[in-house]
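Q:
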Amino acid sequence: MAEIEWPWQYSFPPFFTLQPHTETRAKQVAAWKSLVLEYYRVTKQAVVDVREVHTNPLFNNANINRRLPSEAVLMILEELAKSGNATPLDKTKQRWLIYWHTLEEW
Amino acid sequence: PQIKTRTGIIGIERSLQEKQKETDESISLAFQDLTKLMDMAKDMVAISKTISAKIRARQGDITEDETVRFKAYLMSLGIDDPVTRDAYKSSNEYFEQLAKQLASILEEPIKEVGGMMTLTDVYCRVNRARGLELLSPEDLLHASRRLAPLDLPIVLRSFDSGVMVLQIRSHDDYAVVDRITELLKEKGSMTAEDLAQSEGISVLLARERLLVTEKHGKACRDDSIEALKFYPNLFLDEMSSE
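Protein sequence lines correspond, in order, to chains G and Y.
Reading the first sequence from the start, the letters are residues 105 to 210 in the working numbering.
Reading the second sequence from the start, the letters are residues 7 to 248 in the working numbering.
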């Protein structure tokens with residue numbers, strides 16, 4: 105598996121708590137979106153299972169002992185879906201496809 | 007006539023019975039008086055309600071002074087009828103006087119603890135100092151509400167969390183936010199307990215200060231099993247410096 109270069113946010117604990125401040129949250133979500141895309145592009149994966157995200161180093165930083173709660177993961181995936189970078193594979197929204205590039209870009 | 011036996015078990019039993027009868031009587035007497043008292047109070051309530059209805063009907067006919075006096079009556083009976091009462095006078099004279107007193111006794115202590123004191127702390131302080139003629143929590147709250155309109159040096163403030171504090175009028179949120187931002191940068195991260203210790207304020211207030219800082223976009227939170235920690239808001243800082 106190819107090594108990804110983690111952004112500074114990845115080792116910043118507040119990154120793993122959904123921020124209540126609107127502006128801050130917008131920045132946080134944007135950072136998450138680009139990180140998710142980058143990660144899946146580098147590791148050449150395409151399927152996210154929300155039930156298994158805690159085994160995924162992307163959402164689980166063992167170094168600082170923080171992980172993103174499932175609700176937040178789901179929220180980010182939904183944000184990605186809005187910009188056309190992800191689609192749910194089933195109705196319960198447990199499995200998601202990640203598009204490194206949006207369909208339009210292809 | 008009854009023969010009084012003073013000896014033997016019967017004698018003891020009889021004297022016990024007599025004592026019991028006596029206490030029974032005094033107890034029922036006391037309760038009788040109480041019901042009488044309550045009946046009277048009921049009448050007073052009824053009367054004051056009709057008076058307030060009359061005031062409503064003849065608004066303006068009655069002088070200011072009479073309304074004030076009427077409110078004083080309501081106060082002394084312990085009837086809370088704020089809806090009709092508030093329509094005639096913003097609050098009671100008693101509260102105004104109390105507000106003035108609060109301002110004069112609390113200004114110094116509040117300055118000492120950093121310009122802000124929770125209402126519960128104020129309640130403790132005032133009542134402990136008084137000893138007799140204590141304040142009820144509601145009296146204190148009403149009086150505190152009157153602080154701002156009276157232009158007194160301290161004012162009541164409620165946070166988003168519902169915590170109420172008395173603060174010095176000159177208190178400035180921005181100054182606090184700046185100070186906390188500095189502290190956060192210095193220490194990297196802080197919990198409410200850390201801040202409480204380093205600033206010598208209560209944990210409750212420390213928490214509110216951090217939340218205010220967060221609201222101004224100068225801090226962000228890290229909520230984990232360890233604690234709720236606050237960090238400098240790098241999300242916004244990094245972006246603006248880029």
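Glycine is no exception: its CB is placed at the ideal position from the N, C-alpha and C atoms.
Which residues mark the beginning and the end of the alpha helix (DSSP H) in which residue 136 of chain G is found?
A: Residue 136 of chain G -> alpha helix (DSSP H) spans 126-146.
Q: If the cut is a Cβ gap below 8 angstroms, which residues of chain Y does residue 116 of chain G touch?
A: Ordered by position in chain Y, the residues that pass the 8 angstroms Cβ test against residue 116 of chain G are 237 and 240.
Q: How would you label residue 247 of chain Y, buried or exposed, when you count the other beta carbons within 10 angstroms and need 16 or more for buried?
A: Its pLDDT being 45, under 50, residue 247 of chain Y is placed unreliably in this model, and the coordinates cannot settle the point.
Q: Does the stretch 162-176 of chain Y come into contact with the stretch 117-131 of chain Y, if we say contact requires no fewer than three beta-carbon pairs (one atom in each stretch) closer than 8 angstroms?
A: Counting Cβ pairs under 8 angstroms, three or more are found: they touch.
Q: Classify residue 76 of chain Y as helix, strand or coil using the three-state DSSP reduction.
A: Three-state DSSP puts residue 76 of chain Y in a helix.
Q: Compare the Cα-Cα distances from residue 152 of chain Y to each of Y:204, Y:106 and Y:13 and report the closest residue.
A: Checked all of Y:204, Y:106 and Y:13; the closest Cα to residue 152 of chain Y is Y:106.
Q: Are residue 191 of chain Y and residue 238 of chain Y close, meaning C-beta to C-beta below 7 angstroms?
A: Yes.
Q: Of all the residues that make up the stretch 151-178 of chain G, which are near chain Y by a beta-carbon distance shorter than 7 angstroms?
A: So the close ones are 170.
Q: Flag residue 206 of chain Y as yes if its beta-carbon sits less than 7 angstroms from any beta-carbon of chain G, otherwise no.
A: So no, residue 206 of chain Y is outside the interface.
Q: With a threshold of 7 angstroms between beta carbons, is residue 229 of chain Y in contact with chain G?
A: Chain G, which has a Cβ nearer than 7 angstroms to the Cβ of residue 229 of chain Y, makes this yes.
Q: From residue 179 of chain Y to residue 147 of chain G, what does the alpha carbon distance come to, in whole angstroms?
A: Rounded to the nearest angstrom, the two C-alpha atoms are 47 angstroms apart.
Q: I need the DSSP call for residue 224 of chain Y, collapsed to helix, strand or coil.
A: Residue state, collapsed to three classes: coil.
Q: How long is the line joining the alpha carbons of residue 32 of chain Y and residue 77 of chain Y, rounded to whole angstroms?
A: Distance between the alpha carbons of residue 32 of chain Y and residue 77 of chain Y is about 37 angstroms.
Q: Looking only at its chain, what residues have a beta carbon closer than 6 angstroms to the beta carbon of residue 195 of chain Y, apart from the 5 residues adjacent to it on each side?
A: Once the five neighbours on either side are set aside, the close Cβ partners of residue 195 of chain Y are 235 and 237.
Q: Is the separation between the beta-carbon of residue 165 of chain Y and that of residue 214 of chain Y shorter than 7 angstroms?
A: For residue 165 of chain Y and residue 214 of chain Y, yes; Cβs fall inside 7 angstroms.
Q: Rounded C-beta distance between residue 104 of chain Y and residue 59 of chain Y? I'm assuming under 8 angstroms.
A: The pair is not a contact, with the Cβ atoms about 28 angstroms apart (cut-off 8 angstroms).
Q: Residue 221 of chain Y touches chain G at which residues, Cβ-Cβ below 9 angstroms?
A: Within chain G, the residues near residue 221 of chain Y are 124 and 125.
Q: Output yes if chain G places a C-beta closer than 7 angstroms to the C-beta of residue 130 of chain Y; else output no.
A: Answer no: the Cβ-Cβ gap between residue 130 of chain Y and chain G never drops below 7 angstroms.
Q: So residue 182 of chain Y is in the alpha helix (DSSP H); what residue range does that whole segment cover?
A: Here the alpha helix (DSSP H) through residue 182 of chain Y covers 179-193.
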